[in-house]
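Visitor: Numbering (this note's numbering), first residue to last: 789 to 888.
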Amino acid sequence: MNLMNITITQKQLIIANTLQFVLGLLFMRFSNIFRMNKDLHWIYSFGHSWYLMSALPFFFWESLILGGYTIWKVKRNKILYLFFSLFPLLLFLIIIFFAT
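Dropping the structure here:
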């Protein structure tokens, strides 16, 4: 009995990448609640440090790798898959340009 016979599709990778980006962004925004609290300021600091130093580079590279994989492997609906692969990266750029 082979328990490791699992196939992961391109759609599942794209959905997982987008959900990770959204959850990381929500975690960072949630930590803003503790910004002015002297006792719990460490939550704010940890949330922003984690997002900027760990999560953001991970999402960036994961989006680029998924985009490259889409160009290389996907035969049908290549543009659609490429757009959704790069969606977290595009969403981040939109947030940066319009939130400032």
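Yeah, the Cβ is synthetic: ideal placement off N, Cα and C, and Gly gets one too.
1) In angstroms, rounded to a whole number, what distance separates the CA positions of Phe-848 and Phe-872?
2) Excluding the 5 residues flanking Ser-851 on each side, which residues of the same chain have their C-beta closer than 7 Å to its C-beta?
3) Is it buried or exposed, Asn-797, if we count other Cβ atoms within 10 angstroms and call 16 or more buried?
4) Between Leu-813 and Phe-880, what straight-line distance do the alpha-carbon atoms span, to the nearest angstrom?
5) For Phe-809, count the other beta carbons within 10 Å of its own beta carbon; 16 or more makes it buried, fewer makes it exposed. Which is it?
Guide: Let me spell this out:
1) Computed Cα separation, rounded: 13 Å.
2) Asn-805, Ser-873, Leu-874, Pro-876 and Leu-877
3) A small fix is needed here, since residue 797 is Thr in this sequence, not Asn. When all chains shown are included, Thr-797 counts as exposed.
4) 9 Å
5) buried
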